[in-house]
Every structure is written in structure tokens, then in C-alpha cells.
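*Asks:* One structure, pasted below without further comment.
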Amino acid sequence: MLRIHQVYCPIGQSLTKTQIAKKLHCTEEDIQSFQIEKESLDARRDEMHESYTVLATVRNEHRYLKQKDVSEGKPEIYQNPAPVASDIRPIVVGFGPAGMFAGLLLAETGLRPIIIERGKPAEQRAKDVNDFFTKGILNVSSNVQYGEGGAGTFSDGKLTTRMKNIRVQKVLAELVEAGGDPAIAWQHRPHLGTDVLRTVVVNIRRKIIALGGEVRFETCMQSLKVENGQVTGIETNHGTFLSPYVILAAGHSAADTYHTLFDQGITMVPKDFAAGVRVEHPQQLINQNQYGRYANHPALSPASYSLTYHANNGRGVYSFCMCPGGVVIPASTMENTLAVNGMSYSKRDGANANSAILVQIPSKDFDHGSPMDGFAFQKQLEETAFHPSYQAGASNIKDYLEHKVSSDLVIPSSFPRGIILEDLHRQFPKPVNDALEEGFIHFDKKIPGFISQGIMVGMESRSSSPIRILRNEDGTSLSCKGLYPCGEGAGYAGGIVSSAVDGIRQAENIITSLML
């Protein structure tokens, strides 16, 4: 089998043996079979093309190995660990991507995990989220952050990752089996969309249950049970669950859980995080900037962007979780606070593009001696941003740079709770405002119109956890045997795929421990 890079195909056409034969200078009959391994968009030439990496079975393969962009190759396939014969049932706390994939792998190896989730199943959770969006009724246990699938369920469903890890293949394969588009396995910037994710997470839950696992919703961990430095189980609002193995995948918004763990002596440290705003622009502006004369080509997906800048005060400014054709949504978990996020449906057909524009918040900004200080600082930001009925403060980017407030926005905001026009400088400390201002000016050079056609909505504060729970090389907590901190909340991931991979890794660690 050959791995062939940079096989070009015109926009809007399907890849066939014709393009591969042209690349190899052979006949189509010589190509016995092929599969796409990776897709990207090549805009370096006058004509825009799709560029593919393919795995192909070809007659007389040795003839082509000296050609440019050709090497021996075979598909990478993740192999599940062997089944484990044990009566021990690991506990998984949290049913976001990390907990979900940890639970799935444990179930596949016969360990029948008990998974607890403080929020509700996706079907009921969707109603609670809709009530928040349309009526301003916040359910503090069932919302954009808490519930089946975690924060990713109400997001763009981005599956982009820079990880070079065989477990990524496992994650994508399971998402496809559960109802995701098979193309996510090879697309350059794969995504599912919130509408598809709501079906996918339910199907993965059903698979776990079919394999002997349990998923208990509206069940919140209240404390660990620990004896002589070894976890023995957990206490919850629905009683005690016993196990010498606990995977902690509580997510980045479970501040109350981390406060409890800290009080119980679990070793953790403060971690830098980020805060900023959601910016919105006409999607057509982004398409035009990224695609040029191809901007309205029907075969092209709504365009995205990735922007970075290093401000004069040393802080990084960057785009995060960019949602083409998406909406800005309220993402609060506590009453009288406001956090916002971005969300897209699978078609990404909204009028606006939106993205977080974040500024690094180093731990020195909030560290007063306790790892919990980051959560306090985060809450303070969200309280400052709050308006009655969970309306959001908003501004034209141009007005923000000029320190003024206009009577209207240059484009309508997609935020469902309504907006309050204000000078958003009030929401942030001066170092953040200084960096944001510089960043916007720089980004306007990359995307002309970024300032004049852009609006900003605040507060975006939940991009990552402000703590890291320290763990040993075998994945266990530094201070508690049998406890496996995991995913975004523990400070080891940043997104759906990396969280899922960390969950798989921690499940593997438990399996390895049981086999010793």
C-alpha cells in the first residue's frame, strides 16, 4: 500500500482514480483501491483545489516509491485493550467527551463502569437549554455546560486537533458509528454541529449501556471516599458508590467539585486561562477574505479563520472556537453571572460568523495563594458582565477602539437573550483591554473589515480550566491512589477530541493496573 500526498482535485469534484493516476503517472487500471486519509484546501495557486493524502493499493508499488510525495503506508487502526476479567466496576464522574470515551472503553473491555452525570440526558437537557435561550430561565444543573455530552454538545462540535495520537482514530470512528458524517475521519477541519451531536451522544450512551455500563443522570458527586490515601468510592446526592478506581472527568465549569477536592487534600495548582469576547462578522466577509473569487462557490463550506497576536504587554491574543455560520449563546452555570460561547448547527448556514477573541490571563493576575483563586477571578468577571434577564453587553469593535457607545450595531447580533450597548472596557482589567485593542488592529490587517464590520459580545471566560490536578505517569492523582483526573477540567485537554483522547488514556491506565 502507498501513502500519496498532494493529490489535487478541482473544487466541487469527487476524488477518483483519475487524479491519483495522474499523480503517479500510471493508468487507472493500475490502481486497485484507495481511501482518503486527509483532505485540505490548497489556495496557494491561481486555481483553488482540494488536496488529498490517500492510501492506495497499486500494481507494482515498488516502482513509485522514489516519486515525490509517495511512501509506503498503511492505515492506522486503534486496537482496544484485551477484555479484563474483574468484578471491579470503575466509577466515571462526568459524561462529557472525556468521561464518555473513558466509560465506553471500560465497557468495551468488560468492566461495566458506573458513570454519573450531574446534568440531564440530551433530550431533556435540550429543553432546559432552550428555556434559557428563549425565556432566561437558568437551570443550574442542566445547561450549556452540564449534562450529557458536556459543553461540546452545545457548541460547533469542532473535531480539529493537532494531536498525533492513534487514539484520535478511535474517537472519530466511534463518532461515525454513532451517527456522525463518515467524512469527519479525513476532513481538514471536521465538525459535527450541535444538532448532530445531540444524537451522537445518545447513541454512545446506549452502546455503553448495551455493554453492561450504567449512566446515572442528575447525580452529582459531593465528595470522595478515601482511606489511607486510596480512593474507595464517592458520595453523591443519590447515595454512595464504591470502587477503588475513579475517573474524574467533571469538566472545566465544575468549580464546586474542585473546591471539594481541594478541601479533601487533592493536589492541584493554578493554571493560566483566558478571557475575552465573542466577535461576530457577516459570514460573507469571512468567505470573501478566505476564498477570494471562490467565495460563493457552492462546494465550499462557510470559511473559518485562525488569528494570533502577541501584544506589547506580553499577552497573547487569539481566536478560539471559531463558529462559521453560527450563533453566540449564553453559557452561564450560576445565577446572576454571564458567560457566552459559540454554537453552530451542522449546516453552518447562519448569517454571522462568530469566534472567541481571547487574551491570556496568567495566574499572577489572580493567584493569592490558593488554586481556587482562578475560579473566584472567573466568577468576578462573569458577575461584572451580567445584565438582567441574561442580556449581554455588546459593542461595535470600532466603538470599542474609540471608547464610545453608538446607538446601534453595524450588524444584528445572533445572541438570543438580547444585548445592551455599552463600553465593554468595563468588563476587563486594563491589561486585557490593552491587549484586545492591539489584537483587533492587527486582525484587521489580516481580514480587512474585521473592525468596521465587526461587533463584540461579552463575556467569554470558559475556554479552559484555571486549575490543573497533578497526576503521576500512570495517570493517578499525585495525592490519591485510584483517582484518575481527566480531561479539560483537570487541565489536560482543550476540546472535544483531546478530551476524549485523555479519557481513553485514563481508561487504558485502569485496565493496565487491573492486569498487573
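In terms of the UniProt record's numbering, the sequence shown is residues 1 to 516. Built from N, CA and C at the ideal position, the CB exists for glycine as well.
1. Tell me, to the nearest whole angstrom, how far the beta carbon of Ser344 is from that of Cys323; I am working on the premise that it is less than 8 Å.
2. My understanding is that Thr260 touches Ser223, with C-beta atoms under 8 Å, so please give their C-beta distance in whole angstroms.
3. Could you give the distance in angstroms between the alpha-carbon of Ile397 and the alpha-carbon of Arg118?
4. Please work out which residues of its chain come closer than 7 Å, Cβ to Cβ, to Glu28, disregarding the five sequence neighbours upstream and downstream, and give them in chain order.
5. Just tell me which of Ser452, Phe415, Met459 has its CA closest to the CA of Pro429.
6. Using a 10 Å radius around the Cβ and a threshold of 16 neighbouring Cβ atoms, would you call Thr194 buried or exposed?
7. Below 8 Å, can you find three or more Cβ-Cβ pairs linking the stretch 6-15 to the stretch 46-62?
8. So what does Tyr52 bridge to, in DSSP terms?
9. Which partner residues of Cys323 appear in the DSSP bridge assignment?
10. Out of curiosity, what's the CA-to-CA distance linking Ile204 and Gly212?
11. Taking the beta strand (DSSP E) that Gln230 falls in, what are its first and last residues?
12. Name the residue from Gly99, Pro90, Gly326 whose alpha carbon lies nearest to the alpha carbon of Thr232.
13. With a threshold of 8 Å, are at least 3 pairs of Cβ atoms found where one atom belongs to the stretch 143-155 and the other to the stretch 54-65?
14. Please report the residue range of the beta strand (DSSP E) in which Phe241 lies.
15. Please determine, among His368, Arg278, Ala178, Pro448, the residue with the shortest C-alpha to C-alpha distance to Val457.
16. Between the C-alpha atoms of Thr333 and Ile447, what's the straight-line distance to the nearest angstrom?
17. Do Pro113 and Glu214 count as a contact pair if the criterion is CB distance below 9 Å?
18. Which residue's Cα is closest to the Cα of Ser407: Phe415, Ile419, Leu470?
19. Please state whether DSSP places residue 518 in a helix, a strand or coil.
20. Where does Thr199 sit, in a helix, a strand or coil, going by DSSP?
21. Closer than 7 Å by C-beta to Ala299: which residues in its own chain qualify, once you throw out the five before and the five after it? Chain order, please.
22. Exposed or buried, which one is Met515 when buried takes at least 16 other CB atoms within 10 Å?
23. Can you tell me where the alpha helix (DSSP H) with Gly99 in it begins and where it stops?
24. In angstroms with no decimal places, state the Cα-to-Cα distance between Asn433 and Lys158.
25. Among residues of its own chain, excluding the 5 on either side of Lys170, which ones have a beta-carbon nearer than 7 Å to its beta-carbon?
26. Short check: CB of Val317 to CB of His191, under 9 Å?
27. Using a threshold of 9 Å, state whether the C-beta atoms of Gln6 and Asp42 are closer than that.
28. Which residues in the same chain have their Cβ closer than 7 Å to the Cβ of Ser498, if we skip the five residues on either side of it in sequence?
29. For Ile204, write down the residues that DSSP places opposite it in a beta bridge.
30. How about Leu15 and Val70: are their beta carbons less than 9 Å apart?
31. How many whole angstroms separate the CB atoms of Arg348 and Pro302, which I take to be in contact at a CB cut-off of 8 Å?
32. Are there 16 or more other CB atoms within 10 angstroms of the CB of Gln380, so buried, or fewer, so exposed?
33. Among the candidates Thr512, Gly374, Gly239, Ser465, whose CA atom is the shortest distance from the CA of Tyr492?
34. Would Val359 pass as a contact of Ala311 if the rule is Cβ separation under 9 Å?
35. According to DSSP, which residues form a beta bridge with Tyr345?
36. Would you call Ala122 buried or exposed, if buried means 16 or more other Cβ atoms sit within 10 Å of its Cβ?
*Replies:* To lay it out plainly:
1. 4 Å
2. 6 Å
3. 38 Å
4. Lys17, Thr18, Ala21
5. Met459
6. buried
7. yes
8. Val7, Glu39
9. Asn354
10. 13 Å
11. 230-236
12. Pro90
13. no
14. 239-242
15. Arg278
16. 34 Å
17. yes
18. Ile419
19. Residue 518 lies beyond the range of the chain shown here (1 to 516); nothing can be said about it.
20. helix
21. Ile11, Gly12
22. exposed
23. 97-108
24. 28 Å
25. Tyr78, Ile504
26. no
27. yes
28. Thr161, Met163
29. Answer is none; Ile204 lacks a bridge partner.
30. no
31. 5 Å
32. exposed
33. Ser465
34. yes
35. DSSP lists no partner for Tyr345.
36. buried
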